[in-house]
């Protein structure tokens, strides 16, 4: 965890669950995943309820699907109103959270 010493704001945090089992995602399962909103809803739930995020979520979507399918992972980007984002990575098919990465908004914008 990295906290900005001037503002006291959390600027980087990463949590990883290395014990999650890897199951590659085949073409048929990948097509089904694209239509399955449970992955996106679970990412939003974790960010709101577990992380305690209060900023408005403006968009959430699956990302890097082709690469992640080979890795047996479903990744969801969750964009917040200030331009910061979370990336939640889940193991397929268990929906076990593998990794949660926070990226602060670009201050140069």
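Numbering (this note's numbering), first residue to last: 38 to 146. Heads up, the beta-carbon is just placed ideally off N, CA and C, and yes, glycines get one too. These numbers come from a predicted model, not from an experiment.
* In chain order, what residues of the same chain have a beta carbon less than 6 Å from the beta carbon of residue 106, not counting five sequence neighbours either side? -> 62, 67
* Asked: The alpha helix (DSSP H) with residue 69 in it runs from where to where?
  -> Residues 64-72.
* May I ask you to report which of helix, strand or coil DSSP gives residue 102? => Helix at residue 102.
* Pull up the distance between the alpha-carbon of residue 95 and that of residue 118, whole angstroms please. => Each residue's alpha carbon lies about 6 Å from the other.
* So residue 79 is in the alpha helix (DSSP H); what residue range does that whole segment cover? -> 75-82
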